[in-house]
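Asker: Residues 359 to 691, numbered by our numbering, are exactly what the sequence shown covers, in order.
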Amino acid sequence: MHTLAGVRRTKYNQYDSIARPIQSWLADRGVDVRFGARVVDVDFDQSDPNDRRVTRLHLRGRDGETTIALARDDVAMLTLGSIAADAGFGGNDAAPELIRDRRDGAWALWDAIAGKADDFGRPHAFYNVDENKWESFTLTMRGRALLDRIAKFSGNAPGAGALMTFFQSKWLMSIVVPYQPHFPDMPPDTYTLWGYGLFIDEKGDYVDKPMAQCTGREILRELVGQLGFDDALEEIIATTDVTPVMLPYASAMFARRIAEDRPLVLPEGARNFAFLGQWVEMPEDVVYTVEYSVHCAMHAVYRLFGVEKPIPPIYRGLAEPKVALGALRSAYR
Numbered sequence: 359m360h361t362l363a364g365v366r367r368t369k370y371n372q373y374d375s376i377a378r379p380i381q382s383w384l385a386d387r388g389v390d391v392r393f394g395a396r397v398v399d400v401d402f403d404q405s406d407p408n409d410r411r412v413t414r415l416h417l418r419g420r421d422g423e424t425t426i427a428l429a430r431d432d433v434a435m436l437t438l439g440s441i442a443a444d445a446g447f448g449g450n451d452a453a454p455e456l457i458r459d460r461r462d463g464a465w466a467l468w469d470a471i472a473g474k475a476d477d478f479g480r481p482h483a484f485y486n487v488d489e490n491k492w493e494s495f496t497l498t499m500r501g502r503a504l505l506d507r508i509a510k511f512s513g514n515a516p517g518a519g520a521l522m523t524f525f526q527s528k529w530l531m532s533i534v535v536p537y538q539p540h541f542p543d544m545p546p547d548t549y550t551l552w553g554y555g556l557f558i559d560e561k562g563d564y565v566d567k568p569m570a571q572c573t574g575r576e577i578l579r580e581l582v583g584q585l586g587f588d589d590a591l592e593e594i595i596a597t598t599d600v601t602p603v604m605l606p607y608a609s610a611m612f613a614r615r616i617a618e619d620r621p622l623v624l625p626e627g628a629r630n631f632a633f634l635g636q637w638v639e640m641p642e643d644v645v646y647t648v649e650y651s652v653h654c655a656m657h658a659v660y661r662l663f664g665v666e667k668p669i670p671p672i673y674r675g676l677a678e679p680k681v682a683l684g685a686l687r688s689a690y691r
């Protein structure tokens with residue numbers, strides 16, 4: 359855990375390394391990918407509890423509102439919720455907005471769906487913004503002044519280390535330095551890192567303001583203080599742009615809940631639809647991982663389309679004595 363040695367990292371950011379290639383693969387096969395459109399409602403036929411079906415999708419896009427009717431053999435995969443929904447962006451001289459009224463389509467869609475059946479989940483269980491919010495920030499560094507200092511300080515080359523957490527920080531601030539370049543088209547001598555804070559309503563150790571009220575430069579000042587690089591503060595500020603991002607639902611998948619608050623991947627009697635994402639119920643699996651999203655998609659696709667393949671089992675580390683012993687050793691270091 360303290361090294362994240364088991365985590366697989368992509369060469370570039372996840373969008374360019376995973377999402378973009380999949381999008382290209384789908385487009386090459388004639389898939390109709392629509393950007394700037396959101397599904398705002400779904401019609402279900404539930405007259406037969408053993409044969410429940412999606413009949414129509416309601417879309418809102420650049421050209422107004424449209425619908426897509428589903429034929430008998432069509433299938434709808436519906437992703438519920440999002441940790442990135444209603445993200446508010448700031449800048450060097452501006453703090454990000456904390457959005458509380460669910461303007462994003464991800465939660466609004468689940469709201470619309472949840473009212474149609476008792477087993478479609480209860481999204482309101484995850485709406486406590488003050489319990490779930492984080493604030494993240496991205497640094498764009500022109501030159502290696504900060505990057506090289508962090509590498510020397512941590513002993514890790516970019517992309518080689520785990521999260522660096524300042525555990526005594528009042529914001530409980532963490533950073534991670536990815537492989538460079540992080541984007542395939544980054545300008546020469548430009549670098550980036552990402553970080554976040556968990557206790558964002560607390561005043562900082564070096565900035566006398568809560569993180570939630572800080573501009574990007576104020577967050578950078580706090581980070582430099584935590585690293586002990588005050589002698590290079592002016593150079594770092596002059597060569598770094600900071601984008602703070604408020605995330606109202608960053609921890610929502612860990613919110614207090616009961617099993618019925620999240621729907622099953624395939625609710626009882628579902629014949630042509632499934633629910634996907636971090637807010638579906640899969641007992642004993644672990645949210646906040648890529649594996650969770652892949653597992654639920656496998657369950658949906660394999661069961662709806664009759665795919666005869668084994669689904670990789672859930673890893674049960676607690677049942678392995680070596681893992682338990684290793685955890686105890688780490689806990690008491």
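From the three backbone atoms N, C-alpha and C, an ideal C-beta is built for every residue, glycine too.
When you compare each of Ser609, Leu436, Pro407, Asp406 to His416 by their alpha carbons, which one comes out closest?
Answerer: Comparing Cα positions, the closest option is Leu436.
Asker: Taking C-alpha atoms, which residue in Leu622, Leu556, Arg687 lies nearest to Asp661?
Answerer: The sequence as given places Arg at residue 661; Asp does not occur at that position. Per the Cα distances, Leu622.
Asker: From this set, Phe478, Thr550, Ser532, Asp488, which residue's C-alpha is nearest Glu618's C-alpha?
Answerer: Nearest C-alpha to Glu618: Phe478.
Asker: If you measure between the beta carbons of Gly553 and Leu585, is that distance less than 8 Å?
Answerer: No, they are not a contact pair.
Asker: Between Leu505, Arg691, Ser440, which lies nearest to Val645 when the distance is taken from Cα to Cα?
Answerer: Of the candidates Leu505, Arg691, Ser440, the one whose C-alpha sits nearest the C-alpha of Val645 is Ser440.
Asker: Which class does Pro602 belong to by DSSP, given the choice of helix, strand or coil?
Answerer: Strand, per DSSP.
Asker: Here's the rule: buried if 16 or more other CB atoms are within 10 angstroms of the residue's CB, otherwise exposed. What is Leu683?
Answerer: Under this definition Leu683 is an exposed residue.
Asker: So is Arg407 buried or exposed if we call it buried at 16+ other beta carbons inside 10 Å?
Answerer: According to the sequence shown, residue 407 is Pro rather than Arg. Exposed, because fewer than 16 other Cβ atoms sit within 10 Å of the Cβ of Pro407.
Asker: If we call anything under 8 Å between Cβ atoms a contact, is Pro546 one with Ile558?
Answerer: Contact: no.
Asker: Looking at C-alpha atoms only, which residue of Trp492, Leu686, Lys369 is the closest neighbour of Gly517?
Answerer: It is Lys369 whose Cα lies nearest to the Cα of Gly517.
Asker: Okay, do the region 593-613 and the region 410-424 touch, 3+ Cβ pairs below 8 Å being the bar?
Answerer: Output reads no: the region 410-424 does not touch the region 593-613.
Asker: DSSP puts Thr498 in a beta bridge; with which residues?
Answerer: Answer is Thr550, Asp599, bridged to Thr498.
Asker: Can the beta-carbon of Phe587 be found less than 8 Å from the beta-carbon of Arg507?
Answerer: It is a contact, given that the beta carbons lie within the stated cut-off.
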